[in-house]
Structures are given as C-alpha cells and as structure tokens.
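Start counting the sequence shown at 6; every next residue gets the next number (my numbering).
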Amino acid sequence: MAVEKTKDLWVFIETEDEGTAKSVGLELLVPGRRLADKQNGKLVAVILGSNVAPALEAVKAHGADEAIVVDQLELKHYNTDAYAKVLCELIEKYGPSVMLIGATNNGRDIGPRISCRLGTGLTADCTALDIDDETGNMAWTRPAFGGNLMATIMCPDHRPQLGTVRPGVFKKSEPGEVKDIPVIKEKVEITDAEKRVELLEVINEMAGELVDLENAEIIVSGGRGVGGPEGFAPVRELAEVLGATVGASRAAVDAGWIPHAHQVGQTGKTVGPKIYIACGISGAIQHLAGMSSSDVIIAINKDPDAPIFNVADYGLVGDLKVVLPILTEKIRKYKGL
C-alpha cells in the first residue's frame with residue numbers, strides 16, 4: 006500500500022498517439038476540481054505518453070493546479086506493464102489521496118493493475134463522486150445488481166483511493182485561460198523485459214465504420230422496436246441528414262442486428278450528446294444509465310407507456326417505420342439537401 010503524503014487528487018489524463026488528451030480525462034477535471042477543494046488538496050493532472058505538449062496545454066486550460074508529466078517514446082502506445090510501473094512509482098513517490106481514471110478500455114485495464122500492486126481498493130464504473138462529510142473518505146457511487154440499485158462504496162483503510170468513471174458521465178468544461186501551472190517532469194526507466202507486449206498495429210475501424218459515440222454531439226439510436234437489421238436503414242438515414250452517430254440498445258446488439266461498437270448503456274458506452282434520439286427503445290434502466298445525461302432526449306415509440314417517455318424531453322408516439330422517413334425528409338428540406 007502506498008502512503009498518503011498529501012490530500013491531492015489526481016486525474017489520469019489518457020493520451021492519443023498524437024499527444025492530445027482523451028476527452029474523458031478533461032471531463033474528470035470537473036468533479037476533480039470540486040473534490041480537491043473539498044478535501045483541501047490540489048488538483049493534479051497526470052499525463053503519460055510521447056510528445057504530450059497538446060495534452061499539457063489542455064489541462065492548463067481546464068483547471069488543473071499542477072501537472073505531472075512522463076513524456077517518453079516507450080509510452081507512445083498504451084502498454085499495461087509500462088504504464089503500471091510508471092503510475093505505481095509516481096503514486097509511491099508523491100502519495101496522493103485519490104486518483105480518478107477514465108473507464109476506457111485502457112483505464113479499465115490499468116486501474117485493477119495498479120490497485121493490486123499497491124494493495125488498495127478500486128471502485129469501477131462510477132456514476133457519482135463525493136467526499137463523505139463524516140469520514141473524509143471518497144464516496145464512490147456506481148450501479149449494482151444489473152443497474153437496479155445504486156451502491157456507494159468507500160475505501161477507509163488503504164491509499165490511494167482509486168476509481169474509474171465512464172466517459173460521458175461528466176461534461177468537460179469549456180476551455181478557459183491557459184494558466185502557467187507548476188509542471189513536474191519525471192522519467193522512469195522501462196526495460197524491454199518489463200514490456201512483455203508489443204503493439205504491432207492499431208485498427209480504429211469496426212464493421213467498416215468508425216464509431217465514436219463518446220464524442221458525438223447527436224446520436225440516433227435504434228432498439229428492439231426497429232424489428233431487425235433492415236430496421237436500422239431509416240435510423241441511419243436520419244443520422245446521415247443530421248450528421249449524427251448511430252447508436253443502439255443492448256437488445257438490438259444481442260440480436261445481431263448491429264455491432265457492439267454502437268451499443269449505448271450500462272454494458273456499452275455512456276454518452277452525453279446535445280441531442281439523443283431513441284427509436285424503438287423501451288427505456289430499460291440499463292440503457293437509461295448510459296444516455297440520461299444527454300442535453301435533449303427525443304423518444305419515438307409506438308407504446309405510449311414505454312419508460313423512455315419518463316426521461317424524454319420530447320416524445321412521439323407512433324410507428325418509427327412511418328415516422329422516421331417523414332422526419333428525415335422534413336429535415337432534408339429544411340437543410341436544403
């Protein structure tokens with residue numbers, strides 16, 4: 006177990022190959038700011054990668070008090086062993102109280118790895134974060150029992166307190182003034198023997214298309230109500246005229262109508278677009294957990310009692326096979342397409 010030396014709260018800033026910050030790290034600086042202030046500590050952005058100047062500039066504009074940067078060629082591509090070694094050494098050296106990690110594929114990999122090495126706890130897929138007033142411990146809230154209830158978990162005896170948070174749960178702030186914050190530059194020796202896996206190729210496309218639900222501003226999703234793989238044709242047409250990304254419910258994915266990369270919900274992606282259009286989606290709690298933070302929710306369903314209407318800002322009761330083509334044509338004419 007690492008020893009707590011400060012009340013600082015760390016946010017792991019995951020980087021792309023180009024050295025830019027992934028959105029989830031910037032999103033976590035928002036609750037990180039509130040929680041760091043509440044426990045009278047600094048908000049520290051921890052950046053790993055290669056040529057990460059763009060990521061450093063981003064955290065300066067999104068409220069970090071300080072940054073710890075490990076900029077090495079060996080960290081250009083994510084590697085479990087290398088990243089785990091670096092993060093563990095940093096944690097043992099500086100002793101933060103809390104560390105927030107985005108629940109990306111890499112974050113879900115590295116979180117358990119460092120918690121095991123440090124002998125501390127890890128709460129996964131959190132949807133709410135707070136400091137318990139009585140104990141001063143982090144209160145991590147996450148769905149439990151298939152999303153049917155929410156559990157609040159604490160780690161009172163071990164440090165640091167670690168948790169992963171799904172992308173899209175928090176909305177990143179608008180970039181402000183780029184502040185001149187303290188930057189600690191570290192270098193960690195990583196031998197070839199410590200890197201047991203070598204990345205040969207990065208494949209960004211799945212099923213012939215790039216699916217970026219987490220950064221989409223508009224999402225048009227289809228569920229069981231589309232009736233089959235052919236039912237996604239009008240969903241895709243509407244998405245095309247709106248410049249939107251196509252999403253789906255678990256029922257549609259499990260039926261094999263659309264690849265898993267499109268899935269929104271507890272076992273898919275958590276999203277927070279400006280507009281979310283749910284087509285033929287009943288509104289099971291597991292799906293709502295992944296999209297309820299959308300700015301505007303529009304539901305189209307032929308069942309007037311569908312739970313999706315309880316969270317929708319606008320609801321349309323009708324057969325989506327009739328409604329979607331009309332809606333698509335109206336938008337086409339409005340946009341002059």
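Glycine residues also receive a C-beta, built at the ideal position from the N, C-alpha and C atoms.
Problem - Segment limits, alpha helix (DSSP H) that includes L14 - result: Secondary structure note for L14: it is in no alpha helix (DSSP H), and the uninterrupted beta strand (DSSP E) holding it is L14 to I18.
Exercise for the section: Just mark M155 as buried or exposed, buried being the case when its beta carbon has 16 or more other beta carbons within 10 Å. Expected result: Residue environment for M155: exposed (fewer than 16 other C-beta atoms within 10 angstroms of its C-beta).
Practice task
Count the other CB atoms, across all protein chains shown, that sit within 10 Å of the CB of H292; report buried if there are 16 or more and exposed otherwise.
Solution key: With 16 or more neighbouring CB atoms inside 10 Å of its own CB, H292 falls in the buried class.
Practice task
Answer with buried or exposed for K219, where buried requires no fewer than 16 other C-beta atoms within 10 angstroms of its C-beta.
Solution key: In the sequence as presented, Lys is not what sits at residue 219; that position holds Glu. So E219 ends up on the buried side.
Handout entry: Inter-residue spacing [alpha-carbon to alpha-carbon] between T20 and I305
Key = So the two alpha carbons sit approximately 37 Å from each other.
Exercise for the section: Using a threshold of 7 Å, state whether the C-beta atoms of L48 and D70 are closer than that. Expected result: It is a contact, given that the beta carbons lie within the stated cut-off.
Exercise for the section: Would you identify the three-state DSSP class for L127, choosing helix, strand or coil? Expected result: It is a strand residue.
Exercise for the section: Give the straight-line distance between the Cα atoms of M143 and V276, rounded to the nearest whole angstrom. Expected result: Approximately 24 Å between the Cα atoms of the pair.
Practice task
Select from G320, V170, K279 and A50 the residue whose C-alpha is nearest the C-alpha of V188.
Solution key: Nearest of G320, V170, K279 and A50 to V188, Cα basis: A50.
Practice task
Let me know if C160 comes out buried or exposed under the rule of 16 or more other beta-carbons within 10 Å of its beta-carbon.
Solution key: Result: buried.
Problem - Assigned exposure category for A198 - 16 Cβ within 10 Å defines buried - result: Around the Cβ of A198, a 10 Å sphere holds fewer than 16 other Cβ atoms; the residue is exposed.
Practice task
Look up S226 in the DSSP assignment and say whether it is helix, strand or coil.
Solution key: In the three-state reduction of the DSSP assignment, S226 falls in the strand class.
Practice task
With a floor of 3 residues, list each beta strand (DSSP E) that falls wholly inside the region 153-186, ordered by position along the chain.
Solution key: You should have 154-158 and 166-170.
Problem - Cα-Cα separation between K279 and I223, rounded to whole angstroms - result: Going by the C-alpha atoms only, they are around 6 Å apart.
Exercise for the section: Hey, could you find the ends of the alpha helix (DSSP H) A221 is sitting in? Expected result: Annotation: A221 is outside any alpha helix (DSSP H) and is labelled neither H nor E by DSSP.
Exercise for the section: For E32, collect the residues of the same chain with a Cβ closer than 6 Å to its Cβ; drop the 5 residues on either side in sequence, then sort them by chain order. Expected result: Within its own chain, the residues whose Cβ lies closer than 6 Å to the Cβ of E32, once the five positions on either side in sequence are excluded, are F175 and K177, listed in chain order.
Exercise for the section: Starting from the Cα of A72, find the closest Cα among L95, Y83 and D137 and give me that residue. Expected result: When only C-alpha atoms are compared, the closest one is L95.
Problem - Per DSSP, cross-strand counterpart(s) of D76 - result: Paired residue(s): G54.
Exercise for the section: Please determine, among K184, K43 and A89, the residue with the shortest C-alpha to C-alpha distance to D138. Expected result: Residue K43 is the option with its Cα nearest to D138.
Exercise for the section: From the DSSP output, in three-state form, read off L105 for me. Expected result: L105 sits in a strand when the DSSP states are folded into three classes.
Practice task
Check whether the region 119-131 touches the region 86-104, taking contact to mean three or more Cβ pairs, one atom from each stretch, closer than 8 Å.
Solution key: Under the Cβ criterion (8 Å, minimum of three pairs), the region 119-131 counts as touching the region 86-104.
Handout entry: Cβ shell of P309 (< 8 Å), same chain only, five flanking positions each side left out
Key = Within the same chain, P309 has close Cβ partners V322.
Handout entry: Three-state secondary structure (DSSP) of D259
Key = In the structure shown, D259 sits in a helix (DSSP, three-state: H, G or I).
Practice task
Name the residue from G37, T196, I331 and R337 whose alpha carbon lies nearest to the alpha carbon of I136.
Solution key: Checked all of G37, T196, I331 and R337; the closest Cα to I136 is G37.
Practice task
Report all residues from its chain with a CB closer than 8 Å to the CB of I303; omit the five preceding and five following residues, and keep chain order.
Solution key: Spatial neighbours of I303 in its own chain (CB-CB distance under 8 Å, excluding positions within 5 residues in sequence) are listed in chain order as I280, Y281, I282, A283, A317, D318, Y319, G320 and L321.
Problem - Test item: CB-CB of A266 and G227 under 7 Å - result: In this structure, G227 does not lie closer than 7 Å to A266 by Cβ.
Handout entry: Uninterrupted beta strand (DSSP E) stretches inside the region 287-316 (no shorter than 3 residues)
Key = You should have 301-306.
Practice task
May I ask you to report which of helix, strand or coil DSSP gives V202?
Solution key: Correct three-state label for V202: coil.
Problem - Rounded separation between L61 and G236 - CA only - result: Near 44 Å, if we compare the C-alpha coordinates of G236 and L61.
Handout entry: Closest Cα partner of G230 within the set V258, I286, A244 and P264
Key = The residue with the shortest Cα to Cα distance from G230 is I286.
Exercise for the section: Taking all protein chains shown into account, decide if V8 is buried (16 or more other Cβ within 10 angstroms of its Cβ) or exposed. Expected result: Flag for V8 reads exposed.
Practice task
Quick one: residues in its chain with C-beta nearer than 7 Å to the C-beta of N111, no 5 flanking neighbours on either side, listed in chain order?
Solution key: Contacts found: E19 and Y83.
Problem - Cut-off 6 Å between Cβ atoms - residues of its own chain near N56, not counting five sequence neighbours on either side - result: For N56, the CB contacts under 6 Å within the same chain, skipping 5 residues up- and downstream, are G24 in chain order.
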